[in-house]
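Residue numbers (my numbering), protein chains in the order written: chain A, 1 to 360; chain B, 361 to 720.
Notes follow once the structure below has been shown.
2 protein chains.
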Amino acid sequence: MGGDHGPSVILPACQSFLAAHPNAELLLVGLPEALAGAVAWPRCRVVPATEVVLMDDTIEVALRRKKNSSMRVAVSQLQSVGGAAAAADVCVSAGNTGALMAVSRYLLKTLDGIDRPAIASVMPNQTGGYTTMLDLGANVDCTAEHLLQFALMGTALVTAVDGKPEPRVGLLNIGEEAIKGSETIKRAGELLRQAAAAGQLNFIGNVEGNDIFNGSVDLVVCDGFVGNVALKTAEGLATMIITIIREEFGRSWLTKLVAVLALPVLKRFKGRVDHRRFNGAALLGLRGLVFKSHGSADAFAFENALNRAYDAARNRLLDRVHDRIIATLLAMPLSPPNQGAAAGNSNDSGDQAINVAQAA
Amino acid sequence: MGGDHGPSVILPACQSFLAAHPNAELLLVGLPEALAGAVAWPRCRVVPATEVVLMDDTIEVALRRKKNSSMRVAVSQLQSVGGAAAAADVCVSAGNTGALMAVSRYLLKTLDGIDRPAIASVMPNQTGGYTTMLDLGANVDCTAEHLLQFALMGTALVTAVDGKPEPRVGLLNIGEEAIKGSETIKRAGELLRQAAAAGQLNFIGNVEGNDIFNGSVDLVVCDGFVGNVALKTAEGLATMIITIIREEFGRSWLTKLVAVLALPVLKRFKGRVDHRRFNGAALLGLRGLVFKSHGSADAFAFENALNRAYDAARNRLLDRVHDRIIATLLAMPLSPPNQGAAAGNSNDSGDQAINVAQAA
Numbered sequence: 001m002g003g004d005h006g007p008s009v010i011l012p013a014c015q016s017f018l019a020a021h022p023n024a025e026l027l028l029v030g031l032p033e034a035l036a037g038a039v040a041w042p043r044c045r046v047v048p049a050t051e052v053v054l055m056d057d058t059i060e061v062a063l064r065r066k067k068n069s070s071m072r073v074a075v076s077q078l079q080s081v082g083g084a085a086a087a088a089d090v091c092v093s094a095g096n097t098g099a100l101m102a103v104s105r106y107l108l109k110t111l112d113g114i115d116r117p118a119i120a121s122v123m124p125n126q127t128g129g130y131t132t133m134l135d136l137g138a139n140v141d142c143t144a145e146h147l148l149q150f151a152l153m154g155t156a157l158v159t160a161v162d163g164k165p166e167p168r169v170g171l172l173n174i175g176e177e178a179i180k181g182s183e184t185i186k187r188a189g190e191l192l193r194q195a196a197a198a199g200q201l202n203f204i205g206n207v208e209g210n211d212i213f214n215g216s217v218d219l220v221v222c223d224g225f226v227g228n229v230a231l232k233t234a235e236g237l238a239t240m241i242i243t244i245i246r247e248e249f250g251r252s253w254l255t256k257l258v259a260v261l262a263l264p265v266l267k268r269f270k271g272r273v274d275h276r277r278f279n280g281a282a283l284l285g286l287r288g289l290v291f292k293s294h295g296s297a298d299a300f301a302f303e304n305a306l307n308r309a310y311d312a313a314r315n316r317l318l319d320r321v322h323d324r325i326i327a328t329l330l331a332m333p334l335s336p337p338n339q340g341a342a343a344g345n346s347n348d349s350g351d352q353a354i355n356v357a358q359a360a
Numbered sequence: 361m362g363g364d365h366g367p368s369v370i371l372p373a374c375q376s377f378l379a380a381h382p383n384a385e386l387l388l389v390g391l392p393e394a395l396a397g398a399v400a401w402p403r404c405r406v407v408p409a410t411e412v413v414l415m416d417d418t419i420e421v422a423l424r425r426k427k428n429s430s431m432r433v434a435v436s437q438l439q440s441v442g443g444a445a446a447a448a449d450v451c452v453s454a455g456n457t458g459a460l461m462a463v464s465r466y467l468l469k470t471l472d473g474i475d476r477p478a479i480a481s482v483m484p485n486q487t488g489g490y491t492t493m494l495d496l497g498a499n500v501d502c503t504a505e506h507l508l509q510f511a512l513m514g515t516a517l518v519t520a521v522d523g524k525p526e527p528r529v530g531l532l533n534i535g536e537e538a539i540k541g542s543e544t545i546k547r548a549g550e551l552l553r554q555a556a557a558a559g560q561l562n563f564i565g566n567v568e569g570n571d572i573f574n575g576s577v578d579l580v581v582c583d584g585f586v587g588n589v590a591l592k593t594a595e596g597l598a599t600m601i602i603t604i605i606r607e608e609f610g611r612s613w614l615t616k617l618v619a620v621l622a623l624p625v626l627k628r629f630k631g632r633v634d635h636r637r638f639n640g641a642a643l644l645g646l647r648g649l650v651f652k653s654h655g656s657a658d659a660f661a662f663e664n665a666l667n668r669a670y671d672a673a674r675n676r677l678l679d680r681v682h683d684r685i686i687a688t689l690l691a692m693p694l695s696p697p698n699q700g701a702a703a704g705n706s707n708d709s710g711d712q713a714i715n716v717a718q719a720a
């Protein structure tokens, strides 16, 4: 039901997705009348909900008032009830990001060893591939431990969805030298080096904003404030450049003629930077797989989000995140308590220790 | 002497600048043999130095060892000795940014009411104008008070160099609502609203990364970590887009032919996003005007940095920064001490109060 266009975009995307993946099954969650067109589809079932979380609903409304919303019912399909398997392996929504994160966190809870879930997305890079980045806005203030967890979760994501066995992890900073950045960033660098030494991830060191696009790194780790600013800055610049190209080619009948001749080139260019190809952000660190499509997604973009979600589920992303976090917590020397206290995180560290014990 | 190309680029830029500005005078600081070509120029004098700060010299080397470097001698031209007027009104360097900031700060000291200098630069926007942004890397951890000072200094810069009387100031955040962001950002928003209510600046509220490029704001305020990441992200994306456009137009003889036809359009496009037009970052908050050219600047770019510096000096940027800071400190209600302490900044606030008293 979510996003700017709702079922008018989501249903065609789902139909195309089902045709492309003969082993996939879909649960379509929403107002039955809006999903009536999909009732007869094979490998598809409509799960009714009576309400819809709107794009401008507060988290409060999504969590406490709309208890039978399509978003909430969809996420609840990931919960196993009374020991039975969950109805769904992964949930995809184009709805309100803040509400989706809050509802997911409330219903699913975080994984052992994870303090905070994070949002990971991908951006195209110069080599024709793409770069995964997290966090993109879920967490404004992060400790070094959070950044390490993001790196581990992001590594699991890239191995599962992109099939790269040893993704190169970079810590977003304002210089390549280890002495650069805030105390939190420097400490995060230390933890990442320790995790790399313990064989848990492939840390290549600090990276800068331009490295997001040059293909030198597979995964860029940062706090949610910086990640969100970088993402929106890139979106803003891309919009400006496309606007200027359009204006310049539309300036006269002569430039318009050239534009017609250049159309195949411009189309290829647009295809290579088309953000619709990269749609589908992962909400990582929860006890269930949730993917977020851009609200403005068209059918092509939404189908890409479905594809990413499907790959994540098929390649057992949830297990990969869990295993990597637990292995790292077991492999890495425990921080002295004063360091945990200095990071303002001593309680969380305590919880982590207990969680590991439960898992072990 | 600074930058990737040194005098081979800087001398032609200076010659062209002098021709364009009949009232300007230049002091060229550096190794006399490297500047010999300029000895006979009118309104120009060579000031000898015996050393050069290299791009990879540490701040330690620039400050303590190379005491007769061209950088240090150039900045010292801004100091008034024994009550006499300073030899220069503004200093421009293409050298090592960290060294330039450290040397400038050491020799010039900060203005009354300024805790930390900041680096401000401009980026093109969609409306054909540009957006000024600070801090771009001088300050990694900032308090709300620092961000307020950046807003005031940036406002003075935009009024002086761009001639906009009431620049629209935005606080870089991850959402437009006042409740978004970290505690520091929220408190900075409060201070900016207070300063606006006191008539000291034109605060339009929170802005997001994309607003840097859409022309909705004249001045974007952020801490140096976020600013540096945003700047480098934009540079990286621009590089990628230009690379892809080149690759796509170079794909075959047919696309190359189209590229020739599209050349005037592509040139106009390139001109509108050409960062050389926007060269010349200001080091603000010091008791002297220092401008930093990009190290890779060519003569066209370096001349633009000279132009910006000249406009800043002509339009009394130093007085404007000083006046605006003092007026704001006098106009704004003093923070209760517990808020200052919460921001970890009680000592700085104390210093500020003393400085105001001295100035008054």
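C-beta: ideal position from N, C-alpha, C; glycine also.
None of these values were measured; they are calculated from a predicted model.
What's the C-alpha gap between residue i and residue j?
{"i": "D417 of chain B", "j": "S576 of chain B", "result": "39 Å"}
{"i": "F300 of chain A", "j": "G271 of chain A", "result": "12 Å"}
{"i": "P117 of chain A", "j": "L108 of chain A", "result": "11 Å"}
{"i": "V620 of chain B", "j": "V103 of chain A", "result": "55 Å"}
{"i": "A20 of chain A", "j": "N307 of chain A", "result": "10 Å"}
{"i": "E190 of chain A", "j": "A398 of chain B", "result": "51 Å"}
{"i": "A459 of chain B", "j": "R432 of chain B", "result": "9 Å"}
{"i": "F651 of chain B", "j": "L644 of chain B", "result": "9 Å"}
{"i": "A422 of chain B", "j": "M361 of chain B", "result": "14 Å"}
{"i": "V413 of chain B", "j": "A434 of chain B", "result": "12 Å"}
How should residue i be labelled, buried or exposed, when 16 other C-beta atoms within 10 angstroms of its C-beta is the threshold for buried?
{"i": "P484 of chain B", "result": "buried"}
{"i": "D472 of chain B", "result": "buried"}
{"i": "V369 of chain B", "result": "buried"}
{"i": "P693 of chain B", "result": "exposed"}
{"i": "L330 of chain A", "result": "exposed"}
{"i": "N383 of chain B", "result": "exposed"}
{"i": "T410 of chain B", "result": "exposed"}
{"i": "G455 of chain B", "result": "buried"}
{"i": "T445 of chain B", "result": "Here residue 445 of chain B is Ala; the residue named in the question, Thr, does not match the sequence. Exposed: under 16 other Cβ atoms inside 10 Å."}
{"i": "N428 of chain B", "result": "exposed"}
{"i": "I572 of chain B", "result": "buried"}
{"i": "D323 of chain A", "result": "exposed"}
{"i": "P527 of chain B", "result": "buried"}
{"i": "G154 of chain A", "result": "buried"}
{"i": "D319 of chain A", "result": "exposed"}
Tell me where the beta strand (DSSP E) around residue i begins and ends.
{"i": "T131 of chain A", "result": "Y130 to L134"}
{"i": "L219 of chain A", "result": "L219 to V221"}
{"i": "G333 of chain A", "result": "Gly is not the amino acid found at residue 333 of chain A; the sequence shown has Pro there. Premise fails: P333 of chain A is in no beta strand (DSSP E) and is neither H nor E."}
{"i": "S481 of chain B", "result": "A478 to P484"}
{"i": "A641 of chain B", "result": "A641 to L644"}
Could you pull the DSSP bridge partners for residue i from this structure?
{"i": "G565 of chain B", "result": "B:G530"}
{"i": "G390 of chain B", "result": "B:P408"}
{"i": "C364 of chain A", "result": "Missing from the structure shown is residue 364 of chain A; chain A here goes from 1 to 360 and no further."}
{"i": "S464 of chain B", "result": "According to DSSP, S464 of chain B bridges with nothing at all."}
{"i": "S69 of chain A", "result": "A:E51"}
{"i": "T97 of chain A", "result": "According to DSSP, which records beta bridges pairwise, T97 of chain A is partnered with nothing at all."}
{"i": "T110 of chain A", "result": "A:L286"}
Under DSSP, the alpha helix (DSSP H) around residue i begins and ends at which residues?
{"i": "K546 of chain B", "result": "E543 to A557"}
{"i": "M600 of chain B", "result": "G584 to F609"}
{"i": "D671 of chain B", "result": "A659 to R674"}
{"i": "G514 of chain B", "result": "A504 to L517"}
{"i": "Q15 of chain A", "result": "P7 to A20"}
{"i": "K256 of chain A", "result": "W253 to V273"}
What does a CB cutoff of less than 6 Å around residue i pick up in its chain, not counting 5 residues either side in sequence?
{"i": "T328 of chain A", "result": "L152, A195 and Q200"}
{"i": "A13 of chain A", "result": "A299, F302 and E303"}
{"i": "D348 of chain A", "result": "Because D348 of chain A sits at a pLDDT of 40, beneath the cut-off of 50, its placement in the model cannot be relied upon, and the point is left open."}
{"i": "D4 of chain A", "result": "G295 and S296"}
Excluding five sequence neighbours on each side, which residues of the same chain lie with their C-beta closer than 7 Å to the C-beta of residue i?
{"i": "G137 of chain A", "result": "I119, G224, G227 and N228"}
{"i": "V406 of chain B", "result": "L388, P392, L395, A398 and V399"}
Does any residue of chain D bring its CB to less than 7 Å from the CB of residue i?
{"i": "Q77 of chain A", "result": "As a matter of chain content, chain D is missing from the structure shown, whose protein chains are A and B."}
With a CB to CB cut of under 8 Å and the five nearest residues on each side skipped, what residues in its chain are close to residue i?
{"i": "I245 of chain A", "result": "L266"}
{"i": "E537 of chain B", "result": "N566"}
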